[in-house]
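Worksheet for the structure shown next.
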Amino acid sequence: MTNITHMVWKILDNSPCIRRVMNRDLVNTTALAKHLISEHKINATLDAVSSAIRRYKSDPYNDIYNRANNVISLGGISTKSKLANISLIKDTEVEEILPKLFSVIQFHRGDVLRIIQADEAIKILVNEKNLDTVKKLFPEKKVIKIDRNLAEINMHLHPEAVKTPGIIAVISNELAINGVNVMETMSCVPEMLFFVEEKDILKAYNVFYQLCPPDQG
Numbered sequence: 000m001t002n003i004t005h006m007v008w009k010i011l012d013n014s015p016c017i018r019r020v021m022n023r024d025l026v027n028t029t030a031l032a033k034h035l036i037s038e039h040k041i042n043a044t045l046d047a048v049s050s051a052i053r054r055y056k057s058d059p060y061n062d063i064y065n066r067a068n069n070v071i072s073l074g075g076i077s078t079k080s081k082l083a084n085i086s087l088i089k090d091t092e093v094e095e096i097l098p099k100l101f102s103v104i105q106f107h108r109g110d111v112l113r114i115i116q117a118d119e120a121i122k123i124l125v126n127e128k129n130l131d132t133v134k135k136l137f138p139e140k141k142v143i144k145i146d147r148n149l150a151e152i153n154m155h156l157h158p159e160a161v162k163t164p165g166i167i168a169v170i171s172n173e174l175a176i177n178g179v180n181v182m183e184t185m186s187c188v189p190e191m192l193f194f195v196e197e198k199d200i201l202k203a204y205n206v207f208y209q210l211c212p213p214d215q216g
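Under numbering that gives the first Met the number 0, the first residue of the sequence shown carries the number 0, and numbering increases by one thereafter.
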């Protein structure tokens with residue numbers, strides 16, 4: 000029985016679509032058990048699989064997921080489009096040039112400047128209108144690649160989000176379910192930024208709109 004339970008739980012862990020309808024009490028346990036037995040060739044009785052599903056629904060993981068979803072619903076969203084991502088080799092020369100960015104980016108006019116630093120590369124996200132100007136600051140040999148036609152979704156999180164596990168898991172699952180590929184992410188609490196291709200911005204916005212609908216009061 001234990002092996003069957005672990006098998007069923009592993010299947011459900013890897014099935015965000017199923018978990019979503021389970022969390023909303025929109026799935027018939029017996030029907031789901033029949034589906035899992037057929038789809039995954041589970042060698043177990045219908046009662047055994049149904050029992051594993053019922054125990055999964057009461058598992059603490061789902062309470063964590065639901066709490067995270069509730070906190071996300073208290074947030075707000077905004078978007079920006081026509082962005083570009085410049086990937087640069089991380090070395091001393093590039094790091095010395097970075098301060099010059101602040102002389103060409105005009106924040107008072109709403110210009111975007113996001114900098115992400117890792118061990119091997121530095122990424123700079125700017126408005127496409129500033130792309131050529133920013134490129135000229137860096138030697139061509141330092142540019143790894145440039146991604147154009149990007150859009151940003153800025154999620155302004157409720158203060159409780161900092162203390163709530165599962166926030167990123169909920170958002171990532173919903174985006175994946177809806178076929179949205181996230182090109183980059185970064186956070187600056189209380190904001191969390193997601194960068195997607197412009198062709199996906201409507202789908203991505205709808206996902207976030209469902210997660211944190213505007214106050215109707």
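A virtual CB, placed ideally from N, CA and C, is assigned to each residue, including glycine.
Just mark Ile85 as buried or exposed, buried being the case when its beta carbon has 16 or more other beta carbons within 10 Å. Position 86 of the sequence shown, counted from the first residue, corresponds to residue 85. With 16 or more Cβ atoms within 10 Å of its Cβ, Ile85 is classed as buried.
Give the straight-line distance between the Cα atoms of Tyr55 and Trp8, rounded to the nearest whole angstrom. Locating residue 55 in the sequence shown gives position 56, counting from the first residue. Locating residue 8 in the sequence shown gives position 9, counting from the first residue. Each residue's alpha carbon lies about 6 Å from the other.
Taking 7 Å as the limit between beta carbons, can you name the residues of its chain near Pro213, skipping five residues before and five after? The residue labelled residue 213 in the question sits at position 214 within the sequence shown. Closer than 7 Å at the Cβ level, and outside the excluded window around Pro213, lies no residue.
Under the three-state reduction of DSSP, which class applies to Glu119: helix, strand or coil? Here residue 119 corresponds to residue number 120 of the sequence shown, with the count starting at 1. In the structure shown, Glu119 sits in coil (DSSP, three-state: anything other than H, G, I, E or B).
Have a look at Glu190 and Leu210 and give me their C-alpha separation to the nearest angstrom. By 1-based counting over the sequence shown, the position of residue 190 is 191. By 1-based counting over the sequence shown, the position of residue 210 is 211. Going by the C-alpha atoms only, they are around 15 Å apart.
Where the beta strand (DSSP E) through Arg147 begins and ends: Your numbering for residue 147 matches position 148 in the sequence shown. Where Arg147 is concerned, the enclosing beta strand (DSSP E) stretches over Val142 to His155.
Shortest alpha-carbon distance to Val188 belongs to which of Glu127, Pro158, Asp110 and Lys122? Numbered from its first residue, the sequence shown carries residue 188 at position 189. Minimum Cα distance to Val188 is reached at Pro158.
Are the region 148-158 and the region 188-208 in contact at 8 Å, needing three or more beta carbon pairs? yes
Residue of Ser49, Val181 and Asp62 minimising C-alpha distance to Asn22: Mapped onto the sequence shown, residue 22 falls at position 23. Checking every option, the nearest Cα to that of Asn22 belongs to Asp62.
Taking the alpha carbon of Ile143 as the point to measure from, which residue in Glu38, Val93 and Asn68 has its own alpha carbon closest? On the sequence shown, residue 143 is found 144 positions in, with the first residue counted as 1. For the residues Glu38, Val93 and Asn68, the minimum Cα distance to Ile143 belongs to Val93.
Per-residue DSSP class, three states only, for Thr163: As a working note, residue 163 is residue 164 in the sequence shown. Three-state result, Thr163: coil.
What do you get for Gln215, buried or exposed, if any count of 16 or more other CB atoms within 10 angstroms of its CB means buried? Counted from its first residue, the sequence shown places residue 215 at position 216. With a pLDDT of only 44 at Gln215, under 50, the local geometry of the prediction cannot be trusted, and the value read off the model is given with reservation. Looking at its Cβ environment, which holds fewer than 16 other Cβ atoms inside 10 Å, Gln215 is exposed.
Proximity of Val103 and Asn126 at Cβ, strictly below 8 Å: On the sequence shown, residue 103 is found 104 positions in, with the first residue counted as 1. On the sequence shown, residue 126 is found 127 positions in, with the first residue counted as 1. No.
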